[in-house]
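Undergrad: My questions will all concern the structure given below.
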Amino acid sequence: MTMSLDAIRSELNASLSSAAPGLSTADALCATCVGVLDVDGAAMSVILDGASSGTFGSSNETSRRLDEYQFTFGEGPCLDAVTQGSPVLVPDLEALSERRWPAFRDAVLSDGIRGVFAVPIVVTSECVGALDLYRVRPGPLDDLVLAGAHLAAELATAPLLDLLAEDVAAEAGRQDGAEDDPLTRRDADGGTSEMDRVEVYQATGMLISALDVDADEALLRLRAHAISSGLTATEVARAIIERRLVLDRDDRPGSPGSSRPGGSTP
Amino acid sequence: MNESREREIIAAFVQLSNELVDDYDVVEMLAQLTASCARLLGISSAGLLLADGADTLHLVASSSERTHHLEVFQLQRDEGPCLDCYREQRAVLTPDLDAETARWPEFCRAAEIVGFRSVHALPMRLKDNVLGTLGLFGDEAGALGEEDLALAQALVHVASVAIVNERSAHDRATVNAQLQHALSSRVVVEQAKGVLAHAGGLEMDVAFTVLRRYSRDHGRKLSDVAGEIVARELPFATVLDHAREGRILP
Chain A
1 MTMSLDAIRS
11 ELNASLSSAA
21 PGLSTADALC
31 ATCVGVLDVD
41 GAAMSVILDG
51 ASSGTFGSSN
61 ETSRRLDEYQ
71 FTFGEGPCLD
81 AVTQGSPVLV
91 PDLEALSERR
101 WPAFRDAVLS
111 DGIRGVFAVP
121 IVVTSECVGA
131 LDLYRVRPGP
141 LDDLVLAGAH
151 LAAELATAPL
161 LDLLAEDVAA
171 EAGRQDGAED
181 DPLTRRDADG
191 GTSEMDRVEV
201 YQATGMLISA
211 LDVDADEALL
221 RLRAHAISSG
231 LTATEVARAI
241 IERRLVLDRD
251 DRPGSPGSSR
261 PGGSTP
Chain B
1 MNESREREII
11 AAFVQLSNEL
21 VDDYDVVEML
31 AQLTASCARL
41 LGISSAGLLL
51 ADGADTLHLV
61 ASSSERTHHL
71 EVFQLQRDEG
81 PCLDCYREQR
91 AVLTPDLDAE
101 TARWPEFCRA
111 AEIVGFRSVH
121 ALPMRLKDNV
131 LGTLGLFGDE
141 AGALGEEDLA
151 LAQALVHVAS
161 VAIVNERSAH
171 DRATVNAQLQ
181 HALSSRVVVE
191 QAKGVLAHAG
201 GLEMDVAFTV
211 LRRYSRDHGR
221 KLSDVAGEIV
231 ARELPFATVL
241 DHAREGRILP
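Chains as they are written, first to last, in our numbering: chain A, 1 to 266; chain B, 1 to 250.
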């Protein structure tokens, strides 16, 4: 199949706006990836606390299962892509030199998949998840497909932001026990509503000024940083208020993780 | 009662009742209430928690900006004398927190860290509704005198009338809407403090003074000015410049 990058872009964009009923935006985007990127499966995961935390979209059940292997085994290209903040491309898992994720590799190979390609999803310069593409036949992605994958990962921030925004809204409304959402689940144990705190409001204000963004984006930015660094929103807020943490302006997309406190630089 | 204290008490009531007459701002009024209580009762900190429609308590005003104090106030969403005061709709007087560690383990631990030894929690009542609670925190064990408690309760009464329009006080839905307004005003005021704190390199309490000064000098509501700063309609530089002209800032 040969498509131009523009055609890929418009297909991907269309999938976001016209998700079929019952299908989440994230699922729709993954399904479109399979259609236009010459891969056999696609999934998206969101990563919390540096450990894998959940698949939030997939092109089908098989892809979801493949993706969840990483969470089961605690290893895989998607996790590495998020940690490194750069794509992890594995043209052939069966290659002798490929020893990075033994448990994940065996499981995926036994499902008939040879190629795995993970591209980080970056929200306001915080790496909060990855788009994972699966292919039955071995071999590298060609340049066009790779460009398309980056495009899809960029678009994936939209459903991910929705997820974060829902999370924020759910917490503000104290709607505990909300659906199967890894983000809400994580905070439901907390008791005290994390986002509804004086420190969080004050820190949001500081980010409005520091990043030159509006209040909604400042709050998302704070939230994204908390998620990617494994801290609570209050902890991040206090660090900002006490000037121990400075978040960068988002003028360099694709350079995630640059502002993590004590972060794990690869 | 000595004369200067009497003057202070009168001033506190006059301030609060002025808020009622003028186009008052609820956040500013409650901030004043907590500051007056802390000063008049000689306690270390006062915090006011309001309940939302879901019976969750939110900190709307406090006489102290210290984060650990904020923590002690906010913890009471889950446990503590203020929560009990709200739920049981009566004053909860705890002259010595050391005696209550079994009752409120988390709260007592947090209170100990900041050196609070006593808490007196008074309900903020309006007719049949309890709107929230005022927590009075002392750094020494011991009960507040009856006169002091009566004074604080009287100040709270005035404030509760100011929060909720009297005519609508029988209607719980309207009361909730007005409480919600108070709570969201608080959010935007805190955000605006953050903007000014970052832009001017200020501590939060100074940022609040700057914000308040600008609002007053322009005859505007604190939360309206805060909203414009947060929406970036009113440049923070204008507000900071005004504070410098008024010699609040160097």
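For glycine and all other residues, C-beta sits at the position ideal for the given N, C-alpha and C.
Ignore the nearest five residues each way along the sequence and tell me which others in residue 145 of chain A's own chain have a CB closer than 8 Å to its CB.
TA: Only 37, 38, 39 meet the Cβ criterion.
Undergrad: Would you please verify whether the beta carbon of residue 26 of chain B is less than 9 Å from any beta carbon of chain A?
TA: It does not: the Cβ of residue 26 of chain B has no partner Cβ on chain A nearer than 9 Å.
Undergrad: Would residue 74 of chain A and residue 197 of chain B qualify as a contact pair, given that the criterion is a beta-carbon distance under 9 Å?
TA: Cβ distance not < 9 Å, so residue 74 of chain A and residue 197 of chain B don't count as in contact.
Undergrad: Verify the CB distance criterion: does residue 225 of chain B have a CB-CB separation below 9 Å to chain A?
TA: It does not: the Cβ of residue 225 of chain B has no partner Cβ on chain A nearer than 9 Å.
Undergrad: Output needed in chain order: residues of the segment 88 to 109 of chain B with a Cβ under 9 Å from some Cβ in chain A.
TA: For the segment 88 to 109 of chain B, which is checked against every Cβ of chain A, not one residue is closer than 9 Å.
Undergrad: Quick one: which residues of the segment 227 to 249 of chain B get their C-beta closer than 9 Å to a C-beta of chain A? List them in chain order.
TA: Those would be 229, 230, 231, 232, 236, in chain order.
Undergrad: Which same chain residues end up closer than 7 Å to residue 9 of chain B when comparing Cβ atoms and leaving out the 5 residues on each side of it in sequence?
TA: Counting only Cβ-Cβ distances below 7 Å, and skipping sequence neighbours, we find 40, 151.
Undergrad: May I have a chain-ordered list of the beta strand (DSSP E) segments no shorter than 3 residues that lie completely inside the segment 115 to 155 of chain A?
TA: Here the runs fully enclosed are 115 to 123, 126 to 135.
Undergrad: Taking only beta-carbon atoms, is residue 13 of chain A less than 9 Å away from chain B?
TA: It does not: the Cβ of residue 13 of chain A has no partner Cβ on chain B nearer than 9 Å.
Undergrad: Of all the residues that make up the segment 198 to 209 of chain B, which are near chain A by a beta-carbon distance shorter than 7 Å?
TA: Listed by position along the chain: 198, 199, 204.
Undergrad: Identify whether residue 39 of chain A lies in helix, strand or coil by the three-state DSSP scheme.
TA: Three-state DSSP puts residue 39 of chain A in coil, outside helix and strand.
Undergrad: Please report the residue range of the beta strand (DSSP E) in which residue 137 of chain B lies.
TA: Its beta strand (DSSP E) spans residues 129 to 138.
Undergrad: What residue range does the alpha helix (DSSP H) around residue 238 of chain B cover?
TA: Start and end: 236 to 245.
Undergrad: Pick from B:80, B:239, B:157, B:215: whose alpha carbon is nearest that of residue 107 of chain B?
TA: Among B:80, B:239, B:157, B:215, the Cα nearest to that of residue 107 of chain B belongs to B:80.
Undergrad: Please list, in chain order, the chain B residues whose beta carbon lies closer than 7 Å to that of residue 197 of chain A.
TA: Those are 74, listed as they occur along chain B.
Undergrad: Contact check, residue 51 of chain B vs residue 179 of chain B under 8 Å by CB: the rounded distance?
TA: About 7 Å; that satisfies the 8 Å criterion.
Undergrad: I think residue 33 of chain B touches residue 48 of chain B, with their Cβ atoms under 8 Å apart; what is that distance to the nearest whole Å?
TA: Rounded, the Cβ-Cβ distance is 6 Å, consistent with contact.
Undergrad: Applying the 10 Å Cβ sphere with the 16-neighbour rule, what's the burial state of residue 193 of chain B?
TA: Looking at its Cβ environment, which holds 16 or more other Cβ atoms inside 10 Å, residue 193 of chain B is buried.
Undergrad: So which residues of chain A does residue 132 of chain B contact, with C-beta pairs closer than 8 Å?
TA: Here the premise fails: no neighbours, minimum Cβ distance about 15 Å.
Undergrad: In terms of alpha-carbon separation, which member of A:220, A:210, A:214 lies closest to residue 245 of chain A?
TA: Nearest option by C-alpha distance: A:210.
Undergrad: Check whether the segment 104 to 119 of chain A touches the segment 81 to 89 of chain A, taking contact to mean three or more Cβ pairs, one atom from each stretch, closer than 8 Å.
TA: A contact exists between the segment 104 to 119 of chain A and the segment 81 to 89 of chain A.
Undergrad: Compare the C-beta of residue 214 of chain A against all C-beta atoms of chain B and say whether one is closer than 9 Å.
TA: Judged by the 9 Å Cβ criterion, residue 214 of chain A is in contact with chain B.
Undergrad: Note down the Cα distance separating residue 212 of chain A from residue 117 of chain B, rounded to an integer number of angstroms.
TA: Their backbone Cα atoms lie some 43 Å apart in a straight line.
Undergrad: Rank A:59, A:3, A:214 by C-alpha distance to the C-alpha of residue 24 of chain A and give the top, closest one.
TA: Selected option, being the one with the closest Cα: A:59.
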